[in-house]
Amino acid sequence: LGSTHVFARQVRDRFPTVRIGDASDVLWKLRQVKTPYEQRILTRSVEISGEAHRAGMRAARPGAYEYEVEAAIESVYLKNGAMTPGYPWIVGSGPNATVLHYSKSSRKMEPGDLLLVDAAGSYQYQTGDITRTYPVSGTFTANQRELYALVLAAQEAGIETARAGKTPGDIEAAAEAVVREGLLELGLITDASGDQFRTWYTHGIVHYIGMDVHDVGDRSQPLEPGMAFVIEPGIYIRDEALEALPDTEANATFIERVRPAVQKYKNIGVRIEDSFLLTEEGLKRLSAGVPRTVEEIESFMRRERSPSR
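The sequence shown runs 1145 to 1453 under the numbering used here.
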């Protein structure tokens, strides 16, 4: 038995007239809808994390190491009172950007690499969640732009859907529809109606945030003002995904047909994640201060990065 059940049994044995019940549902509902105070603290927490991401972008360049970006991010957390990370961060360049929970932060960044950074600080017990993917050389390649545009379009579809009365599942479905058609157009799948898209689009894209980065909540419950959550589509192109498919005739045909596109986009991993607060006025992107579009990212990298060493 877990410690909670052991404690409940001890209470029941000592106080037979006390009724023991599970209050998780009650507490989950209280945590899902943020109070005005929680909304202010969460907003400030994400602002700090946004500043940290911009510092990381300034530190990223060919020849630098992933841990240098990590250090730049952490310094902003500490300077602003976010004393701990909200979760184990991910700073993955080149092929490491395709590894969902890469944690070593040890690779030297090379010209032409994309850098995927998933990081946020915990400020006064509230944490957001932000991911950005950007070229360490300052400019996306044509292939990187194509995949980035697809991920961004999927996120935009999710954002358009995220309003009061909708559910996280509605947001997921809207983004998935864009990804299916986009991967088919790029030649990375051969059938948009099935689950082939999951070869490259491997995780859910909506979770609640707050006291925990994956905060508690009922995903079937319609969204309402005061709820905070992320939308984080991602596409990761790696040979290992094909190698992991079951050895069937259908999969062999699939692999043969998509192999040219896989080679074209190989080792490109893109995730775009923003933290949102649903208000009475509509959806508020708390992480809006971090460059997100191709144009915003390339402009920031040209304008604000320090000269290469």
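Glycine included, every Cβ here is placed at the ideal spot set by N, Cα and C. Just so we're clear, the structure is a prediction, and the values are computed from it rather than from any experiment.
Please work out which residues of its chain come closer than 7 Å, Cβ to Cβ, to Gln1176, disregarding the five sequence neighbours upstream and downstream, and give them in chain order.
Within its own chain, the residues whose Cβ lies closer than 7 Å to the Cβ of Gln1176, once the five positions on either side in sequence are excluded, are Tyr1352, Gly1361 and Met1371, listed in chain order.
Going along the chain, which unbroken runs of the alpha helix (DSSP H) with 4 or more residues stay wholly within the region 1368-1421?
1383-1387 and 1393-1409
State the DSSP-derived secondary structure class of Leu1244, mapped to helix, strand or coil.
Of the three classes helix, strand and coil, the one that applies to Leu1244 here is coil, per DSSP.
Closer than 8 Å by C-beta to Ile1375: which residues in its own chain qualify, once you throw out the five before and the five after it? Chain order, please.
Gln1299, Gly1302, Ile1303, Ala1306, Ile1315, Ala1319, Ile1349, Val1350, Glu1417, Asp1418 and Phe1420
When the Cα atoms are used, what is the spatial distance from Tyr1292 to Tyr1231?
Each residue's alpha carbon lies about 25 Å from the other.
May I ask you to list the residues that DSSP assigns as paired with Gly1236?
Leu1260
Got a sec? Which residues, its chain only, sit under 6 Å from Asn1224 by beta carbon, not counting five neighbours each side?
Hits under 6 Å: Ile1192.
Which class does Arg1446 belong to by DSSP, given the choice of helix, strand or coil?
helix
Given a threshold of 16 other Cβ atoms within 10 Å of its Cβ, counted over all protein chains shown, does Ser1443 qualify as buried or as exposed?
exposed
Can you grab the Cα-Cα spacing for the pair Ile1381 / His1245, in whole Å?
15 Å
Please report the distance separating the alpha-carbon of Ala1432 from that of Gly1265.
16 Å
Using a 10 Å radius around the Cβ and a threshold of 16 neighbouring Cβ atoms, would you call Ala1394 buried or exposed?
exposed
What do you get for Val1150, buried or exposed, if any count of 16 or more other CB atoms within 10 angstroms of its CB means buried?
exposed
Does DSSP put Leu1327 in a helix, a strand or coil?
helix
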